[in-house]
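Undergrad:
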Amino acid sequence: MSDPQTFLDAKWERLSGVRFKPAWWLSPETFYSGVAWYRREIDVPSDWKGLAVRVEFERPHWETTVWIDGILLGSSRALSTPHRYLLPADLSPGRHTLTVRIDNRYLVKIGAQAHSITDNTNGNWNGIVGDLKMHAEPAVHLAGVVVTPDPSRSRARLSVSVCNGSGAMWTGQVCARAVSLNASRLHEMEPVAATVSIAPGTETVDLELDTTDHYLTWSEWEPALYGLRLTLVSPRGGPCHELCASFGIRSLTVDGTTFKINDRPVFLRGTLECNIFPREGHTATDEAAWEYMYTRAREYGFNHFRFHSWCPPDAAFRVADRLGFYLQVESCCWAAHETKIGDGLPVDQFLFEESERIVAEYGNHPSFCFLNYGNEGDGANNQAFLTTFVEHWKAKDLRRLYTSSSGWPQSPASDYHSALRARAQRYCEDGVSRYHINENPPSTDFDFAADVALFDRPLVSHEPGMWCVYPNFDEMSKYTGAYRARNFELYRAELDEHAMLDQWRDFLMASGKLQTICYKAEIEAMLRTEGLAGFQLLSLMDFPGQGTAIMAPIDVFYEEKGYTDAAEWRRFLGETVVLARIPSLILSPADRLEARLQTFHQGRRPLAERRMVWTVTDSLGTVLRSGTLGPRDVVLGLAGFSELEVDLTGFAAPERYTLTVTLAGTTATNAWEFFLFPTQAPAIDERGVHQTTVLDAQSRRVLASGGTVLLSTRGALRPGRGVTTGFTPVYWNTLCFHKQPIHTMGMLCDPRHPLFGQFPTQFHTNYQWWDLLTRGEAHVLDGAPPGLRPLVQMIDSYHSNRRLGLVTEMRALGGRLVLSGLDLDSDLQSRPGARQFRASLFSYLAGPSFAPQVEVSISFLESIHG
């Protein structure tokens with residue numbers, strides 16, 4: 000753990016009970032770090048006599064050392080690729096004892112948080128998963144092939160490794176043929192053959208397949224593959240060994256700040272995959288699991304996976320090949336805290352060796368598009384070292400693109416950059432933070448072009464997103480395997496202590512709606528950014544470690560939580576998205592709704608002569624205005640479509656409206672809510688309400704006489720009793736980043752309550768609350784009677800679970816008291832939302848519905864208000 004406070008804070012010990020429960024991550028049912036021994040009897044068939052026999056373990060963790068009948072075969076520390084061992088040549092047929100020693104200790108300091116080994120996600124399991132197999136090959140056999148498609152020449156180069164273990168010169172033929180797979184039509188390449196003489200040892204034979212001008216290309220739109228069959232033909236004319244592989248024909252290039260696949264632009268709509276398998280407790284090695292994950296991601300509009308500081312098994316590549324997903328693989332390292340790169344430590348050699356193993360094992364897969372060292376590489380010599388790393392791979396293998404690191408540092412040798420840019424928020428304890436949505440009034444007329452302009456090559460936004468949501472406690476029952484959600488148990492216990500357990504689902508739904516608003520705003524801004532090459536979102540699925548980051552639309556089991564779904568996400572994320580640049584989402588009936596409509600299109604081909612159909616509806620769904628724009632041709636990439644202006648004269652205010660735009664003849668439709676407030680300040684009768692910022696003698700006299708007091712608490716709360724609010728939710732989580740300015744996740748209210756009679760709202764945060772929440776300070780109501788529920792309640796971080804009020808009514812000293820943490824007084828002429836809420840509040844206070852039921856003591860009030 001990078002932060003020890005889960006051990007130092009006494010509250011976690013109290014909430015845990017007898018058995019300590021870490022709030023930082025999931026809890027394994029069993030934890031073991033050290034050496035484990037495995038033994039198995041194996042049978043060598045009699046017809047394998049004289050053949051080269053190997054045992055193969057697909058995915059061990061971590062170091063294996065292997066003996067056969069007590070004879071040492073060797074050792075391997077590969078994290079990403081199978082461990083293979085050649086049995087002795089004189090091993091007789093029959094039964095033998097295979098012994099495997101596995102050591103899962105932290106053997107090479109590649110970064111304790113690297114997702115290849117960390118307890119934050121995959122866990123430090125001990126054993127072997129995937130295929131455990133034994134196979135035999137003739138003395139002279141095909142050991143492997145590197146396929147390098149060259150679409151510009153209509154060729155596919157084959158570098159075939161032939162192993163000659165016969166001890167003598169061997170002469171024969173290497174034959175190759177390829178036929179299309181997973182394609183819309185059949186295409187067979189002309190077979191080729193070469194006569195070769197192979198000396199003892201291993202040699203490389205180069206062949207070239209003529210793909211012809213009719214070859215099929217691989218991409219997300221048509222992921223055509225070829226099945227390659229290599230045959231080794233003996234001098235006597237018969238086949239003596241065969242090897243099968245698959246590959247795809249694609250070019251992947253850089254054009255300015257844009258990626259191109261097969262000479263057409265491609266934008267990476269990426270999510271992170273962080274090696275999270277809580278039921279299994281280890282990486283999935285079966286195709287069914289990966290097909291489920293990729294299909295789920297595609298339903299949400301993604302076309303790209305970044306494997307954060309780890310490399311998946313072969314099944315992940317095979318399925319990505321078939322479905323057309325672009326993969327970024329990383330060499331299992333995250334140099335942070337105790338680990339630095341470029342200082343000559345063992346990690347430096349390991350990452351070179353591991354990347355060599357990764358490319359040798361998975362390099363033929365067309366989905367393997369991008370490679371780097373790992374995540375956020377620290378070290379005094381990090382840039383120079385990673386420049387050497389990138390230059391090494393660019394000189395050796397041009398089948399993919401390379402960058403130094405995800406996040407930082409950037410290297411001048413990189414084909415593209417991954418950087419903390421082109422994102423709506425960035426929290427840095429020691430640097431410059433950005434909170435665009437909090438810092439700017441509601442609008443969709445912004446982008447990140449200034450960030451793109453800083454780079455002369457493609458920029459991929461590093462880990463945008465991270466908008467937190469309250470935990471779904473129903474999820475706890477899903478942890479039936481290797482891990483338990485003890486962290487969720489802690490959050491639930493603390494919520495119960497604070498008398499709010501019955502509200503957890505409301506917290507989930509309200510914070511989830513706000514989360515979706517923020518993801519929509521940020522993703523659309525990235526799609527609106529000319530020249531941006533893509534993003535790698537954190538994330539489509541929750542992250543169970545690093546303090547527990549519940550910040551995704553689906554959980555760690557790739558299942559939805561109830562507040563959004565794939566259909567809603569595809570409105571703002573997909574291969575074709577309608578975009579609208581709207582300068583302001585807060586308007587009046589005297590304004591005009593202005594929208595500059597654009598298209599983001601990454602489909603199979605451009606779209607000719609398309610129209611846009613638009614409507615404006617009110618909160619009941621009544622269509623008030625509608626129209627059609629175009630036709631226009633929709634080109635690939637980002638393009639303007641049309642200007643839209645809607646006269647709002649006669650529109651009711653206050654009210655919530657929705658602009659919906661559909662690209663005719665497609666499934667692309669999108670919608671934006673905007674809010675109208677009256678042009679003039681509503682008349683307010685403030686008589687009968689004593690307004691104050693202090694609980695002084697006069698305020699107490701008013702209460703004691705049965706009167707009404709409005710106590711503005713903003714800026715006047717005792718230490719620990721005030722929480723600064725914001726529009727956006729917590730970033731990542733407050734246990735990991737406890738110094739961040741926002742510790743709340745939106746507000747919760749009952750929209751049917753008479754308080755909102757003149758301030759229409761949903762039960763969750765939306766843009767009409769932006770002005771109020773960015774100037775607010777919630778009051779901490781812990782210690783109040785359990786029945787005291789705020790009318791406007793802020794949702795606290797699940798690491799604190801405080802009862803937070805923004806507007807709270809109560810009885811005190813026989814009178815009626817309202818605590819308000821909102822700024823309802825300053826600059827009201829330029830703040831229509833605050834002006835309107837103030838009017839709605841005073842209307843409620845003057846009406847018969849204002850009848851607080853819960854009595855609080857004056858000592859409680861004094862405990863929170865200075």
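Just so we're aligned, residue 0 is where the sequence shown starts under numbering that gives the first Met the number 0, counting upward by one. Using N, Cα and C, we set each Cβ at its ideal position, and we do this for glycine too. A quick note: this is a predicted structure, and the numbers were derived from the prediction, not measured.
Less than 7 Å separating the beta-carbons of V173 and G226?
TA: no
Undergrad: Tell me the rounded alpha-carbon separation between T515 and C467.
TA: 10 Å
Undergrad: So, does the region 698 to 714 touch the region 803 to 816, judging by three or more C-beta pairs under 8 Å?
TA: yes
Undergrad: Of the residues L592, R398, H864 and S460, which one's Cα is nearest the Cα of L271?
TA: S460
Undergrad: Whose CA, out of L860, G546 and L805, lies closest to the CA of Q112?
TA: G546
Undergrad: Could you give the uninterrupted runs of the beta strand (DSSP E) lying entirely in the region 104 to 178, keeping only those of 3 residues or more?
TA: 126 to 136, 139 to 149 and 154 to 163
Undergrad: In the DSSP assignment, what residue or residues form a beta bridge with V389?
TA: Answer by DSSP bridge pairing: none, since V389 is not bridged.
Undergrad: Give me the residue from H213, Y490, E337 and D205 with the minimum Cα distance to L185.
TA: H213
Undergrad: Among E529, E854, V389 and R398, which one has its Cα closest to the Cα of S413?
TA: The residue with the shortest Cα to Cα distance from S413 is V389.
Undergrad: Distance check for N371 and H391, CA to CA, integer angstroms please.
TA: 12 Å
Undergrad: For the putative contact between P148 and I248, defined by C-beta atoms under 8 Å, what is the C-beta separation to the nearest angstrom?
TA: 4 Å
Undergrad: With a cut-off of 8 Å, do at least 3 Cβ pairs link the region 502 to 514 to the region 46 to 58?
TA: no
Undergrad: Measure from the alpha carbon of P728 to the alpha carbon of each residue in L71, G378 and L747, then state which is nearest.
TA: L747
Undergrad: Among all the DSSP beta bridges, which residues are the ones paired with I585?
TA: F674.
Undergrad: For P681, collect the residues of the same chain with a Cβ closer than 6 Å to its Cβ; drop the 5 residues on either side in sequence, then sort them by chain order.
TA: A838
Undergrad: In its own chain, which residues sit with a C-beta less than 7 Å from the C-beta of M0, not counting the 5 before and 5 after it?
TA: Because M0 sits at a pLDDT of 48, beneath the cut-off of 50, its placement in the model cannot be relied upon, and the point is left open.
Undergrad: Classify K48 as helix, strand or coil using the three-state DSSP reduction.
TA: coil
Undergrad: Roughly how many angstroms separate the alpha carbons of D285 and L489, rounded to a whole number?
TA: 34 Å
Undergrad: For F258, decide whether its Cβ has a neighbour in chain E, counting only Cβ atoms nearer than 7 Å.
TA: Given the protein chain composition of this structure (a single chain), no chain E is represented.
Undergrad: Where A607 and A566 are concerned, what is the direct C-alpha to C-alpha distance, given to the nearest angstrom?
TA: Going by the C-alpha atoms only, they are around 25 Å apart.
Undergrad: Are the beta-carbon atoms of S308 and H60 separated by less than 7 Å?
TA: Inclusion of S308 and H60 in the CB contact set at 7 Å is not warranted, their separation being larger than that value.
Undergrad: Take E474 as the anchor and find which of R263, L805 and P277 has the nearest alpha-carbon.
TA: P277
Undergrad: Would you kindly work out how many angstroms separate the C-alpha atoms of S79 and F306, rounded to a whole number?
TA: One C-alpha to the other measures close to 12 Å.
Undergrad: Anyone know if the C-beta pair for Y797 and Y426 falls short of 7 Å?
TA: no
Undergrad: Exposed or buried, which one is F755 when buried takes at least 16 other CB atoms within 10 Å?
TA: buried
Undergrad: For the alpha helix (DSSP H) containing S417, name the first residue and the last one.
TA: No alpha helix (DSSP H) contains S417, which is instead part of the beta strand (DSSP E) from H416 to A418.
Undergrad: Would you kindly work out how many angstroms separate the C-alpha atoms of F487 and Y434, rounded to a whole number?
TA: 28 Å
Undergrad: I'd like to know whether the C-beta atoms of R591 and R580 end up nearer to each other than 7 Å.
TA: Remark: C-beta atoms of R591 and R580 do not approach each other more closely than 7 Å.
Undergrad: Tell me which residue opens and which closes the beta strand (DSSP E) that E558 is part of.
TA: Element bounds for E558: n/a, residue is neither H nor E.
Undergrad: Just to confirm my understanding: we take N181, look at its own chain, exclude 5 residues before and 5 after, and list those with CB closer than 8 Å. What are they?
TA: P222, A223, L224, D320 and R321
Undergrad: Would DSSP call S405 helix, strand or coil?
TA: strand
Undergrad: Can you tell me whether DSSP reads E189 as helix, strand or coil?
TA: coil
Undergrad: Which residue marks the beginning of the alpha helix (DSSP H) containing L350, and which one marks its end?
TA: Taken as a continuous stretch (DSSP letters only), the alpha helix (DSSP H) holding L350 covers P345 to Y361.
Undergrad: Could you tell me the distance, in whole angstroms, from the CA atom of T386 to the CA atom of S410?
TA: 6 Å
Undergrad: Start and end of the alpha helix (DSSP H) containing Y37?
TA: Careful: Y37 lies outside any alpha helix (DSSP H), inside the beta strand (DSSP E) at V34 to V43.
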